[in-house]
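Trainee: Numbering (this note's numbering), first residue to last: 1 to 584.
Below: one structure in structure tokens.
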């Protein structure tokens, strides 16, 4: 018995070490990668909140910060720690993502190993999770810290839940509740976790009154009393309450959520097709992209996708007792995608690789346990399964190695997106921003023009095109572009800001004040808008009102040098009643 235990322990250690080494080897290049000019600014490089360092005020600010259209204070605190450790060296931020990903792999392996006893199937699931190409976006993108961090707490919650199931007691339930709350504070996508715990109750924990074929395979240490479904749901009520609270906070924070930008019918059709497209990327992950545009979906695509999903679901219902892992894996996949499948549209994308990070675990379970179920009765086939598993892992490792290279910098990433979709207007826009940052005005203008050719209603491209035209001295054209951006989107704070600066340059102070006031109304924490509004008011002779704006900017960010300098000048002007030039 002791020898068998020791052998088992050696297997576990060997498996974990192999997967860790594989993951480190694949993701090793990210230490030399840059920040991406797509969301990394809002989360790190242009975020004064996380750059203030770890203080009582900065931690307090993260608890009320929703400027990224999300409420995830724990994620922002992790970025804060990274900035304190690494500053603007992107490699350190990347490595934090990789390390959290490795912890997730280990937790995933031990979770399924402990509740099923199956070492190789659990290892296969963990290995697929570790190196599947679709997970590169979540690991190699610094802004997706929220995804890897929330998944850490997702898996930790499940492990605590298994511990609770062994001997139900409120003291054992408390860690489940706390880790779930921390997960929601990392990313609200965890709202479906109570539903997944119900799936685990069915298989492999076998807590439901429904008998399954694998009941005899349950480990003695995990056997629990059979419970009625009513009790199992009631047991999850505290977690469901947290989920409901998180949903309301998310809807409040996500002022970019739109229920009208796309008709409901189009959003539903896109959701149906996306479910099938994700499965396609599971088996053939060669067309991955940082951004997927909405495309016109034909009726036959919708029809075939619906037939496929319904057929698989009916088949699984037919065999849900005999093969319970099919039921759990399939509904894990369907259920966890619901918050991000696009019924409530957040952002411009039709789907995203990062949404598969947790959801694909369900499909990995189906593949691993399905293959073992089919081949376990035959020793020769079992060896074939192990060989095929290694081959699949090797194949995915090669594809992942290539996929990671694309994340080296903004241009390589979005040029690849354009190769896969020549009408990807977000890719044109993002490369245009990179060109503009490098002072390549003509190239930036070209990419903005291409973005508008692909999507004539894409207001950010008009706004950024206007900035380039101002820089090139073509002011009248620039003005028209700012106006067009606002015509398309009357809530574009960026366009109002640039138009306000345009009016300030022409000394049209009334119009300038009007524009900057609208910026503040749309983005109440835009410190640059408070500062420049203060400048305009002082120029207009309203010194006290200008002082108030500088103070508002400094209340949000006490370290904002421009506002502090301008406040000092304005106070001197007020004291001496003397004109003095101030710099916006």
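Don't be surprised by glycine CBs; every beta carbon is placed ideally from N, CA and C.
Here the structure is a predicted model, which means the values were calculated and not measured.
How is the alpha helix (DSSP H) around residue 111 delimited, first residue to last?
Mentor: Unbroken alpha helix (DSSP H) run through residue 111: 90-116.
Trainee: Can you list, in chain order, the residues of its chain whose CB lies under 7 Å from that of residue 53, leaving out five sequence neighbours each side?
Mentor: Hits under 7 Å: 84.
Trainee: Helix, strand or coil for residue 568 per DSSP?
Mentor: Reduced to three states, the DSSP call for residue 568 is helix.
Trainee: Give me the Cα-Cα distance between residue 335 and residue 563, rounded to the nearest whole angstrom.
Mentor: Cα to Cα, residue 335 sits roughly 48 Å from residue 563.
Trainee: Could you tell me whether the segment 531-540 touches the segment 511-518, where touching means 3 or more Cβ pairs closer than 8 Å?
Mentor: As far as the Cβ criterion goes, the segment 531-540 touches the segment 511-518, which means the pair count is three or higher.
Trainee: Within its chain, find whatever has a CB closer than 6 Å to the CB of residue 337; leave out the 5 residues flanking it on each side and keep chain order.
Mentor: Closer than 6 Å at Cβ, skipping near neighbours: 359.
Trainee: Please state whether DSSP places residue 344 in a helix, a strand or coil.
Mentor: Correct three-state label for residue 344: coil.
Trainee: Of the residues 160, 170, 195, 197, which one's Cα is nearest the Cα of residue 179?
Mentor: It is 160.
Trainee: Which runs of the beta strand (DSSP E) spanning at least 3 residues fall entirely within the segment 261-288, listed in chain order?
Mentor: DSSP runs (the beta strand (DSSP E)) wholly in the segment 261-288: none.
Trainee: Give the straight-line distance between the Cα atoms of residue 168 and residue 239, rounded to the nearest whole angstrom.
Mentor: In a straight line, the C-alpha of residue 168 is about 16 Å away from that of residue 239.
Trainee: Does the segment 320-335 touch the segment 442-462, meaning 3 or more C-beta pairs lie closer than 8 Å?
Mentor: At 8 Å Cβ cutoff, the stretches do not touch.
Trainee: Hey, could you find the ends of the alpha helix (DSSP H) residue 321 is sitting in?
Mentor: Residue 321 -> no alpha helix (DSSP H), and no H or E assigned at all.
Trainee: In terms of alpha-carbon separation, which member of 271, 325, 74, 445 lies closest to residue 344?
Mentor: The residue with the shortest Cα to Cα distance from residue 344 is 271.
Trainee: Where does the unbroken alpha helix (DSSP H) through residue 522 begin, and where does it stop?
Mentor: Counting along the chain, the alpha helix (DSSP H) containing residue 522 begins and ends at 509-522.
Trainee: Between residue 136 and residue 407, how many whole angstroms is the CB-CB distance? I'm expecting something under 8 Å.
Mentor: Sure, about 7 Å apart at Cβ, within 8 Å.
Trainee: If the criterion is Cβ atoms closer than 7 Å, does the pair residue 100 and residue 130 meet it?
Mentor: In this structure, residue 130 does not lie closer than 7 Å to residue 100 by Cβ.
Trainee: With three or more beta-carbon pairs closer than 8 Å as the criterion, would you say the segment 149-157 touches the segment 171-187?
Mentor: Contact between the segment 149-157 and the segment 171-187 is present, because at least three Cβ pairs lie under 8 Å.
Trainee: Measuring CA to CA, which of 524, 242, 64, 207 is closest to residue 227?
Mentor: Cα-wise, what sits closest to residue 227 is 207.
Trainee: I need the boundaries of the alpha helix (DSSP H) containing residue 175, first residue and last residue.
Mentor: Segment 170-184, the alpha helix (DSSP H) holding residue 175.
Trainee: Going straight from the alpha carbon of residue 242 to that of residue 191, what length do you get?
Mentor: When rounded, the distance between both Cα atoms is 8 Å.
Trainee: Let me know the secondary structure DSSP gives residue 220 once reduced to three states.
Mentor: Residue confidence is low: residue 220 scores 45 on pLDDT, short of 50, so the model does not pin down where it sits. Its coordinate-derived value is still stated next. Of the three classes helix, strand and coil, the one that applies to residue 220 here is helix, per DSSP.
Trainee: Determine, using beta carbons only, whether residue 444 and residue 468 come nearer to each other than 7 Å.
Mentor: Yes, the Cβ-Cβ distance between residue 444 and residue 468 is below 7 Å.
Trainee: Taking 6 Å as the limit between beta carbons, can you name the residues of its chain near residue 68, skipping five residues before and five after?
Mentor: Here the set comprises 42.
Trainee: Rank 20, 422, 463, 560 by C-alpha distance to the C-alpha of residue 478 and give the top, closest one.
Mentor: Taking only the C-alpha atoms, the option nearest residue 478 is 463.
Trainee: Grouping DSSP H, G and I as helix and E and B as strand, with all else coil, what is residue 551?
Mentor: DSSP places residue 551 in helix when its eight states are reduced to three.
Trainee: I'd like the span of the alpha helix (DSSP H) that includes residue 430, first residue to last.
Mentor: Here the alpha helix (DSSP H) through residue 430 covers 425-437.
Trainee: Specify the secondary structure class of residue 34 as computed by DSSP and reduced to three states.
Mentor: Of the three classes helix, strand and coil, the one that applies to residue 34 here is coil, per DSSP.
Trainee: Cutting at 7 Å between CB atoms, please list the residues of its own chain near residue 139, excluding the five before and the five after it.
Mentor: Only 27, 97, 98, 101, 148 meet the Cβ criterion.
Trainee: Between which two residues does the alpha helix (DSSP H) carrying residue 361 extend?
Mentor: Counting along the chain, the alpha helix (DSSP H) containing residue 361 begins and ends at 356-375.
Trainee: Name the residue from 205, 144, 315 whose alpha carbon lies nearest to the alpha carbon of residue 354.
Mentor: Checked all of 205, 144, 315; the closest Cα to residue 354 is 144.
Trainee: Is residue 587 helix, strand or coil by DSSP?
Mentor: Missing from the structure shown is residue 587; the chain here goes from 1 to 584 and no further.
Trainee: Rounded to the nearest angstrom, what separates residue 482 and residue 489 at their Cα positions?
Mentor: Roughly 10 Å between the two C-alpha positions.
Trainee: Using a Cβ-Cβ cut-off of 8 Å (strictly less than) and excluding sequence neighbours within five positions of residue 33, which residues of its own chain qualify?
Mentor: Closer than 8 Å at the Cβ level, and outside the excluded window around residue 33, lie 90, 91, 94, 140, 407, 408, 409.
Trainee: Per DSSP, residue 208 forms a beta bridge with which residues?
Mentor: Note: residue 208 sits in a beta bridge opposite 227.
Trainee: Is residue 555 buried or exposed, if buried means 16 or more other CB atoms sit within 10 Å of its CB?
Mentor: Under this definition residue 555 is an exposed residue.
Trainee: Where does residue 506 fall in DSSP's three states?
Mentor: Coil.
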